[in-house]
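What follows is a set of notes on a single structure, which appears directly below.
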Amino acid sequence: MNVCIELFVTFAKMGVVTFGGGYAMLPILQKTVVENKKWATEEDLLDYFAIGQCTPGIIAVNTATFIGYKQKGILGGIFATLGLVFPSLVIISIIAAFLKNFADLAVVQHAFAGIRVCVGVLILNAVIKLWKGAVKGKITAAIMFIVLILSAFTDISSVLIVVAAGVFGLFFSGKIQNLEANKK
Amino acid sequence: MNLLLLMYFEFFKVGLFAVGGGLATLPFLYDLAHKYTWITASMISDMIAISESTPGPMGVNMATYVGFQNGGILGAVTTTLGLVTPSIIVIIIVANVLVKFKESKAVKNIFYTLRPAATGLIGAAGLSVIVLALFKTNISAFSFSGLDIKCLILFAVMIIFTKKTKFHPIVAIAISGIIGILFGF
Chain A
194 MNVCIELFVT
204 FAKMGVVTFG
214 GGYAMLPILQ
224 KTVVENKKWA
234 TEEDLLDYFA
244 IGQCTPGIIA
254 VNTATFIGYK
264 QKGILGGIFA
274 TLGLVFPSLV
284 IISIIAAFLK
294 NFADLAVVQH
304 AFAGIRVCVG
314 VLILNAVIKL
324 WKGAVKGKIT
334 AAIMFIVLIL
344 SAFTDISSVL
354 IVVAAGVFGL
364 FFSGKIQNLE
374 ANKK
Chain B
4 MNLLLLMYFE
14 FFKVGLFAVG
24 GGLATLPFLY
34 DLAHKYTWIT
44 ASMISDMIAI
54 SESTPGPMGV
64 NMATYVGFQN
74 GGILGAVTTT
84 LGLVTPSIIV
94 IIIVANVLVK
104 FKESKAVKNI
114 FYTLRPAATG
124 LIGAAGLSVI
134 VLALFKTNIS
144 AFSFSGLDIK
154 CLILFAVMII
164 FTKKTKFHPI
174 VAIAISGIIG
184 ILFGF
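So the sequences go chain by chain: A and B. Plus 193 on top of the position in the first sequence (first one is 1) and you've got our numbering. Plus 3 on top of the position in the second sequence (first one is 1) and you've got our numbering.
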């Protein structure tokens, strides 16, 4: 039960500091879940994100469920997810009840213009860290860049990209691994 | 009580069919606005603005907002639980399967290319956040003339700050928010 409470509290804290959706949660997850709690590795996080991307539901919730489940089974998954959504419940309820024009307030807009810059930096740092675990040679580097460009500049759905990359790996990873292993 | 059940069921469906991030829930929410009176298009646009300026996953924030407007705290809890129930069920099944087949060659092969692809997706998300933050526009409408110098300076400062210090990311986020207010970003 202690583990469940720890999961709830840890994910509630992350819910408070995640601004801007699932991807923005990544730097926080790296710091808290990988470095501090050691509940997962960098590679695990990437796997969860890839799976979260092509399974139903919000990526942040999927990732929380995954980490919770691995720590403490079904109960752990539920507690981690409830922890993650708890701050949203409280904060949004307060705003909906009292601050109808919250998003129009000048202070809020200025603060968020600053926060957005910071979130950009944090995601950039996160990607550089993930790079080291995911990119093993020229071919995997090419995959990363192709996906980055497709995702940033076309309307192709991320689900399709993830599925295509997975299917490609199923058939060709053996060869690619040999090639990239020999290069080193 | 009927409305709560209906909202739980409808948000359960949104959670089940919205594959991907919080924005993937939008088309489903607009469908709901078309079908019911307890959710409206203007509510959805309010929700987007509020979700972007509050912490927490966007999809969760949206569900909470609609739920609260229609049934107070109980409504908010109902819609949020509806939204996350499919995730919990599906991910637990997937995690189970994954644990069983983790050592299989096929799963290892799939993840070998999936990891760089996921890194690329996250990179693209980061790029769009950076362009929005520095140029106040999205990637498709991007031009260098729109560069905000104040934001660029903060960007450079934060790169150095996060590299040189070992603080939790929240420290950098808080400092950036305060700087945004003080310097009128």
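We put the CB at the ideal spot given by N, CA and C, even for glycine. Owing to the predicted nature of the structure, the values given are computational and were not obtained by experimental measurement.
CB contact flag (residue i, residue j, <9 Å)
| i | j | result |
| --- | --- | --- |
| Ile332/A | Leu372/A | yes |
| Leu200/A | Gly269/A | yes |
| Ala243/A | Ala120/B | yes |
| Gly85/B | Gly18/B | yes |
| Trp41/B | Val80/B | no |
| Val300/A | Cys154/B | no |
| Phe346/A | Ile142/B | yes |
| Tyr216/A | Val132/B | yes |
| Gly183/B | Phe305/A | yes |
| Leu282/A | Thr116/B | no |
| Ile336/A | Phe361/A | yes |
| Thr274/A | Ile92/B | no |
| Gly307/A | Gly180/B | yes |
| Ile316/A | Ile53/B | no |
| Gly359/A | Ile113/B | yes |
For residue i, three-class secondary structure by DSSP
| i | result |
| --- | --- |
| Val356/A | helix |
| Phe365/A | helix |
| Phe188/B | coil |
| Ser281/A | helix |
| Ile287/A | helix |
| Ile349/A | coil |
CA-to-CA distance, residue j to residue i, given in whole angstroms
| i | j | result |
| --- | --- | --- |
| Ile176/B | Asn64/B | 20 Å |
| His171/B | Lys230/A | 13 Å |
| Phe186/B | Ser107/B | 55 Å |
| Phe14/B | Asn375/A | 50 Å |
| Ala334/A | Gly123/B | 9 Å |
| Phe255/B | Leu9/B | Because chain B is modelled from 4 through 188, residue 255/B falls outside the range shown and cannot be assessed. |
| Glu55/B | Lys111/B | 36 Å |
| Ile260/A | Phe279/A | 17 Å |
| Ser286/A | Thr57/B | 12 Å |
| Leu6/B | Val209/A | 29 Å |
| Lys224/A | Lys38/B | 43 Å |
| Tyr11/B | Trp232/A | 32 Å |
| Ile163/B | Trp324/A | 19 Å |
| Ala27/B | Val196/A | 32 Å |
| Leu32/B | Leu298/A | 25 Å |
Terminal residues of the alpha helix (DSSP H) in which residue i lies
| i | result |
| --- | --- |
| Tyr39/B | Where Tyr39/B is concerned, there is no enclosing alpha helix (DSSP H), given that its DSSP letter is neither H nor E. |
| Ile339/A | Lys331 to Phe346 |
| Phe12/B | Asn5 to Phe20 |
| Val310/A | Ala299 to Ala327 |
| Ile178/B | Pro172 to Leu185 |
| Lys293/A | First-last for Lys293/A: undefined, no H or E at that position. |
| Ala205/A | Asn195 to Val210 |
Residue i beta carbon near the ligand PLP (any heavy atom closer than 8 Å)
| i | result |
| --- | --- |
| Leu155/B | Among the components of this structure there are no ligands whatsoever, and the ligand PLP is therefore not found. |
Interfacial residues, the stretch 248–260 of chain A to chain E, with Cβ spacing under 7 Å: Of the protein chains in this structure, namely A and B, none is chain E.
Fully enclosed by the stretch 225–274 of chain A, which alpha helix (DSSP H) runs are 4 residues long or longer? 235–247
Report the residue ranges of all alpha helix (DSSP H) runs contained in full by the stretch 44–130 of chain B; include only those spanning at least 4 residues, in chain order. 44–55 and 61–104
Which whole runs of the beta strand (DSSP E) in the stretch 126–170 of chain B are 3 residues long or more, in chain order? none
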